[in-house]
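Asks:
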Ligand code: FES
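Residue numbers (this note's numbering): 10 to 280.
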């Protein structure tokens with residue numbers, strides 16, 4: 010109960026500032042404006058998110074409070090900085106709120122009598138928004154960058170190229186089940202699976218080829234599932250590990266140390 014109440018507090022904040030904005034903008038139709046706000050905020054979509062962890066009301070609370078700061082009087086650099094900080098925090102706590110941050114900074118370009126003032130407003134709003142965003146989202150983005158090499162992991166991996174996700178972005182426009190199949194197919198793709206298929210076809214034409222690894226002549230393909238040992242083979246002393254599934258082989262005897270059978274062909278160069 011207490012948790013649900015705490016989760017719903019941002020909704021109350023958003024409603025409060027929404028009502029203040031409506032009251033302020035339509036002073037002559039105060040009752041009608043408040044009625045319209047009440048209808049809007051109690052729509053099924055709004056109500057179903059109250060007290061949940063979807064976080065849309067959190068973003069709304071920050072953004073609507075910021076709007077209130079801007080519309081309640083002639084905005085100054087100080088109010089724009091405060092509003093920008095609120096919008097930036099909202100976007101930082103939930104990244105999809107970034108669309109409001111961009112909108113807010115763009116809207117700042119309409120505030121002011123001349124281009125110089127407008128430029129100053131954009132600058133102040135932009136810096137405040139970006140700084141607050143960095144404070145709210147920065148620590149988590151840093152953790153993602155450290156762990157996965159992508160501060161927005163798993164999104165935009167076609168840009169950041171984290172090895173933990175496929176660098177693929179695609180859209181399918183055909184309507185219906187076809188998309189479902191296509192998405193499922195692409196989601197199932199991984200480097201390991203593609204390697205497996207390529208190796209399987211290569212292995213059909215095994216020509217007994219050897220490669221050289223750390224002073225050993227070793228068969229080119231792993232006896233497990235035919236991984237290319239020039240890519241996946243790691244030699245430590247007399248033990249070769251195929252890093253695709255971590256199977257180990259004694260190079261001196263050829264014995265597989267992970268499973269019965271699966272001997273490897275190898276000999277020390279120069280012996
Ligand atoms: S393919 Fe080498 S361990 Fe599986």
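Backbone N, C-alpha and C fix where the C-beta goes; we use that ideal spot for every residue, glycine too.
#1: Please return the same chain residues whose Cβ sits closer than 7 Å to the Cβ of residue 271, not counting the five positions on each side in sequence.
#2: Answer yes or no: do residue 71 and residue 96 have a C-beta to C-beta separation smaller than 8 Å?
#3: Using 8 Å as the threshold, is the C-beta distance between residue 89 and residue 117 below it?
#4: Do you know how far the Cα of residue 149 is from the Cα of residue 104?
#5: So residue 34 packs on residue 80, CB below 8 Å; how close in whole Å?
#6: State the CB to CB distance for the pair residue 191 and residue 222, rounded to an integer number of angstroms; the pair is presumed to be in contact (CB under 8 Å).
#7: Leaving out five residues on either side along the sequence, give the residues of the same chain with a beta carbon under 7 Å from the beta carbon of residue 114.
#8: Out of 174, 205, 18, 261, state which residue places its alpha-carbon closest to the alpha-carbon of residue 238.
#9: Taking 7 Å as the cut-off, is the beta-carbon of residue 199 closer than that to any non-hydrogen atom of the ligand FES?
#10: Rounded to whole angstroms, what's the CA-CA distance from residue 277 to residue 219? Just pull it up for me.
#11: Who pairs with residue 227 in a beta bridge, going by DSSP?
#12: Considering only heavy atoms of the ligand FES, list every residue whose Cβ is less than 7 Å from one of them, following chain order.
#13: Mapping DSSP to helix, strand and coil, what is residue 256?
#14: Tell me the rounded alpha-carbon separation between residue 42 and residue 24.
#15: Provide the residue span of the alpha helix (DSSP H) that contains residue 79, from first to last.
Replies: This is what the structure gives:
#1: For the purposes of this step, residue 271 is taken as the residue at position 262 of the chain shown. If you ignore the 5 residues before and after residue 271, its C-beta comes within less than 7 Å of the C-beta of 232, 233, 265, all in its own chain and listed in chain order.
#2: As a working note, residue 71 is residue 62 in the chain shown. As a working note, residue 96 is residue 87 in the chain shown. Yes, Cβ-Cβ distance for residue 71 and residue 96 is below 8 Å.
#3: Here residue 89 refers to the residue found at position 80 when the chain shown is read from its first residue. Here residue 117 refers to the residue found at position 108 when the chain shown is read from its first residue. Contact: yes.
#4: Within the chain shown, residue 104 is the residue found at index 95, counting from 1. Within the chain shown, residue 149 is the residue found at index 140, counting from 1. Rounded to the nearest angstrom, the two C-alpha atoms are 11 Å apart.
#5: Sequence index remark: in the chain shown, residue 34 carries index 25 (1-based). Sequence index remark: in the chain shown, residue 80 carries index 71 (1-based). Yes, they are in contact, since the Cβ atoms of residue 34 and residue 80 sit about 7 Å apart, within 8 Å.
#6: Counting from 1 along the chain shown, the entry for residue 191 is found at position 182. Counting from 1 along the chain shown, the entry for residue 222 is found at position 213. Actually they are not in contact, since the Cβ atoms of residue 191 and residue 222 sit about 40 Å apart, beyond 8 Å.
#7: To locate residue 114, count along the chain shown from 1; it is residue 105. In its chain, beyond the 5 residues on either side, 131, 134, 135, 138 have a beta carbon closer than 7 Å to the beta carbon of residue 114.
#8: To locate residue 238, count along the chain shown from 1; it is residue 229. Distance from the Cα of residue 238 is smallest, within the candidate group 174, 205, 18, 261, for 205.
#9: On the chain shown, position 190 is the one that residue 199 refers to. For residue 199, the distance from the CB to the nearest heavy atom of the ligand FES is not below 7 Å.
#10: To locate residue 277, count along the chain shown from 1; it is residue 268. To locate residue 219, count along the chain shown from 1; it is residue 210. Looking at the backbone, the Cα of residue 277 and that of residue 219 are separated by about 12 Å.
#11: In the chain shown, residue 227 corresponds to position 218, counting from 1. Checking the DSSP bridge columns, you'll see residue 227 partnered with 220, 275.
#12: After applying the 7 Å Cβ criterion, the set is 231, 233, 234, 235, 236, 241, 251, 253, 254, 255, 256.
#13: Numbered from its first residue, the chain shown carries residue 256 at position 247. Residue 256: strand per DSSP, three-state reduction.
#14: By one-based count along the chain shown, residue 42 stands at place 33. By one-based count along the chain shown, residue 24 stands at place 15. Each residue's Cα considered, the two are about 13 Å apart.
#15: Locating residue 79 in the chain shown gives position 70, counting from the first residue. 65 to 80 is the extent of the alpha helix (DSSP H) around residue 79.
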